[in-house]
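What follows is one structure encoded as structure tokens, with my remarks underneath.
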Amino acid sequence: MYYRLHKKISWDAYVATKGIGYARVDIRMDNKGQLYVLEVNAQCGLSEDENYTSIGAILQLSNVTFAEVITRIISDAFLKLKKKPHVLVKSNI
Numbered sequence: 001m002y003y004r005l006h007k008k009i010s011w012d013a014y015v016a017t018k019g020i021g022y023a024r025v026d027i028r029m030d031n032k033g034q035l036y037v038l039e040v041n042a043q044c045g046l047s048e049d050e051n052y053t054s055i056g057a058i059l060q061l062s063n064v065t066f067a068e069v070i071t072r073i074i075s076d077a078f079l080k081l082k083k084k085p086h087v088l089v090k091s092n093i
């Protein structure tokens with residue numbers, strides 16, 4: 001029950017913030033079972049170590065490997081680049 005609701009709330013929050021690419025949606029549940037979105041984090045860490053980042057803990061519960069996640073993120077980025085090429089700006093930093 002909570003999986004489908006959690007997935008819908010996560011997707012709705014991601015779309016509402018005009019998410020592009022990889023992001024993590026932080027959700028908490030109160031003592032009555034109500035789910036709340038805390039934030040949509042587009043700069044979340046990536047590590048397969050569940051003690052270091054939440055993606056590692058999430059992957060422990062899924063049937064997806066860390067390598068598959070990284071491959072999907074990179075593939076998605078290339079697809080978006082092909083659809084809408086960006087102008088690269090040289091930095092003086």
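Each residue of the sequence shown is one higher than the one before, starting from 1 at the first, in the numbering used here. Cβ coordinates follow ideal geometry from the N, Cα and C atoms, glycine included.
For residue 58, the enclosing alpha helix (DSSP H) has its first and last residue at 54-60.
CA-to-CA, the gap between residue 2 and residue 53 works out to about 22 Å. Per the C-alpha coordinates, the member of 56, 55, 79 and 24 positioned closest to residue 41 is 24. DSSP places residue 49 in no alpha helix (DSSP H); its state is neither H nor E. Inclusion of residue 56 and residue 47 in the CB contact set at 8 Å is warranted, their separation being smaller than that value.
The residues 53, in chain order, have a CB closer than 6 Å to that of residue 45 in the same chain once the five nearest residues on each side in sequence are set aside. In this structure, residue 26 lies away from residue 35, with their beta-carbon atoms at least 8 Å apart.
Spanning the alpha carbons of residue 83 and residue 64 requires a straight line of approximately 27 Å.
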